[in-house]
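J.:
In full-length UniProt numbering, the protein residues as written are 1 to 266.
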């Protein structure tokens, strides 16, 4: 029996500083630790996911920009990381001009979809592709959503948590109706959660009341190890496997896999 194509998940939130890149890196590493083959596509011009996985700026001669605009095969761009089973398509500031360059392209919102389908991808034998989106609903993010099976939304446990989420969900609905009928919301994961903070608890109650089963049971805590790990070019599950952040992302990976197993009827 032929292997199913990789499940593609965009990690997106137009609000910056909510733990989006941290979630992409550590979810990818946690899935890889379970024996799955995972590719991370860094679609943010800041390239923080690339830095967080130890890819030096001087070593990014082939990047996601080439995947989008130079039609370079993903296999030629992917770089190994320190995590077995986890590879990355790195990014640099070249992507910052991609929005303007894409405007004049006929299939401007389908470029990532085109790049992630076909025999080139089959050869890589991937189980998951995670796309780290920029903190805006621009053409890059739309490209990611058009190519994806689902969108995972990291949501910081703060007072304005739900502000802006409605716009993101509207974008998901519009793309489902126009360019990608299979797109769905993977779920919402609360990040930077501090159990000692009454406001965090109130935000959690509010988010769960509004979004119900869309909110993962796993919450990502505020954790100094999570903040330190990127400076060593490592996911937290490699940097400090026993830390609260590491335990949380392993739990999130388990929860996501359980959902997918249920959806697949396994």
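Glycine included, every Cβ here is placed at the ideal spot set by N, Cα and C.
Let me make sure I understand the geometry here. Which of 170, 213, 228 and 158 has the alpha-carbon closest to that of residue 198?
T.: The residue with the shortest Cα to Cα distance from residue 198 is 158.
J.: Looking at the unbroken alpha helix (DSSP H) that takes in residue 226, where does it start and where does it end?
T.: First-last of the alpha helix (DSSP H) with residue 226: 224–228.
J.: On the three-state DSSP scale, how would you describe residue 80?
T.: Strand at residue 80.
J.: Just to confirm my understanding: we take residue 142, look at its own chain, exclude 5 residues before and 5 after, and list those with CB closer than 6 Å. What are they?
T.: Taken in chain order, the residues that qualify are 109.
J.: Let me check understanding here. Comparing Cα to Cα, which of 220, 216 and 230 lies closest to residue 258?
T.: The residue with the shortest Cα to Cα distance from residue 258 is 216.
J.: I'd like the span of the alpha helix (DSSP H) that includes residue 115, first residue to last.
T.: Looking at the DSSP string, the run of the alpha helix (DSSP H) that includes residue 115 is 111–115.
J.: Which residue's Cα is closest to the Cα of residue 4: 37, 30 and 31?
T.: Cα-wise, what sits closest to residue 4 is 37.
J.: DSSP has residue 187 in a bridge; who is on the other side?
T.: BP columns for residue 187 point to 152.
J.: Taking the C-alpha atoms as reference points, what is the distance between residue 42 and residue 174?
T.: Distance between the alpha carbons of residue 42 and residue 174: 24 Å.
J.: Compute the distance between the beta-carbons of residue 49 and residue 132, then report whether it is under 9 Å.
T.: It is a contact, given that the beta carbons lie within the stated cut-off.
J.: Where does residue 215 sit, in a helix, a strand or coil, going by DSSP?
T.: Looking at residue 215 - three-state DSSP - the assignment turns out to be strand.
J.: Could you work out which residue in 265, 79, 112 and 47 is closest to residue 67 when comparing CA atoms only?
T.: When only C-alpha atoms are compared, the closest one is 112.
J.: Tell me the DSSP secondary structure of residue 248 in three-state form.
T.: DSSP places residue 248 in helix when its eight states are reduced to three.
J.: Report the residue from 114, 227, 8 and 80 whose alpha carbon sits nearest the alpha carbon of residue 21.
T.: Residue 227 is the option with its Cα nearest to residue 21.
J.: Thinking C-beta only, is residue 105 closer than 9 Å to residue 89?
T.: Contact flag unset, no.
J.: Look at the alpha carbon of residue 254 and the alpha carbon of residue 121, and state the distance between them as a whole number of angstroms.
T.: Rounded to the nearest angstrom, the two C-alpha atoms are 25 Å apart.
J.: Apply the 10 Å Cβ neighbour rule to residue 70 and answer buried if 16 or more other Cβ atoms are within range, or exposed otherwise.
T.: By the neighbour-count rule (16 or more Cβ atoms within 10 Å), residue 70 is not buried but exposed.
J.: Inspect the beta-carbon positions of residue 252 and residue 53 and report whether they are closer than 9 Å.
T.: Not closer than 9 Å, so no.
J.: Given this structure, state the Cα-to-Cα distance separating residue 61 from residue 156, to the nearest angstrom.
T.: Answer to the nearest angstrom: the Cα atoms are 34 Å apart.
J.: So the alpha helix (DSSP H) residue 103 belongs to, where does it begin and stop?
T.: Counting along the chain, the alpha helix (DSSP H) containing residue 103 begins and ends at 98–103.
J.: Classify residue 132 as helix, strand or coil using the three-state DSSP reduction.
T.: Three-state result, residue 132: strand.
J.: Pick out whichever of 203, 177, 145 and 182 has its Cα sitting closest to the Cα of residue 11.
T.: With distances taken between Cα atoms, residue 11 lies closest to 145.
J.: According to DSSP, is residue 121 helix, strand or coil?
T.: In the structure shown, residue 121 sits in a helix (DSSP, three-state: H, G or I).
J.: I'd like to confirm the pairing. Which residues does DSSP put opposite residue 221 in its beta bridges?
T.: Answer is 193.
J.: Report the option in 152, 139, 127 and 161 whose CA atom is closest to the CA atom of residue 98.
T.: Minimum Cα distance to residue 98 is reached at 139.
J.: Can you check which of these residues, 93, 119 and 162, is closest to residue 45 by C-alpha distance?
T.: Closest option to residue 45, Cα to Cα, is 93.
J.: Anyone know if the C-beta pair for residue 223 and residue 83 falls short of 9 Å?
T.: Cβ distance not < 9 Å, so residue 223 and residue 83 don't count as in contact.
J.: Would you give the residue range spanned by the beta strand (DSSP E) that residue 7 belongs to?
T.: Unbroken beta strand (DSSP E) run through residue 7: 7–11.
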